[in-house]
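Have a look at the structure below before the remarks.
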Amino acid sequence: MHIELSKDKRYFSIGELAKAFDVNASLIRFWDKEFDILKPKKNAKGNRMFTPEDVKNLQVIYHLVKERGFTLEGARTHLKEGQKKTLDKYEIISKLESIKVQLVNLKTGL
């Protein structure tokens, strides 16, 4: 899944992420409680503010649960066993999908 978020922002609200991932904010709150790799900061009001690192982790969780059909327990286990490998693989796939989108845009522009 390729999501569009500003690259120069330091924090993202749960609403921004829900819109980018096309899911309910409650799902992101749920995943925040279920997955230890998500560590959003909370502002004075108690609202979650996600860092770019959290966004990358959310992308991996989304990929495992929504796209590959993992259960929550299966996704947690998968992340714990091969967290570095999983994140690296997902990052490579994400970059390739981004390049594909750019190439398709170039092709349609010709």
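The numbering of the sequence shown is the numbering used here, which starts it at 10 and goes up by one. Just so it is clear, CB atoms sit at the ideal spot from N, CA and C, and this is done for glycine as well.
Check: Along the chain, where does the beta strand (DSSP E) that runs through Phe39 open and close?; Outcome: Premise fails: Phe39 lies in the alpha helix (DSSP H), 34 to 43, not in any beta strand (DSSP E).
Check: Can you have a look at Phe39 and say buried or exposed, based on whether 16 or more other CB atoms are within 10 angstroms of its CB?; Outcome: exposed
Check: Once DSSP output is grouped into helix, strand and coil, what is the label at Leu21?; Outcome: Sequence check: residue 21 is Phe here, not Leu. In this structure, Phe21 counts as strand in the three-state DSSP scheme.
Check: Classify Asn33: buried if its beta carbon has 16 or more other beta carbons within 10 angstroms, exposed otherwise.; Outcome: exposed
Check: Could you give the residue range of the beta strand (DSSP E) that holds Arg6?; Outcome: The structure shown does not extend to residue 6, since the chain spans only 10 to 119, so no value can be given for it.
Check: The ligand HEM and Leu112: does the residue's C-beta get closer than 7 Å to at least one heavy atom of that ligand?; Outcome: The ligand HEM is absent from the structure shown, which contains no ligand whatsoever.
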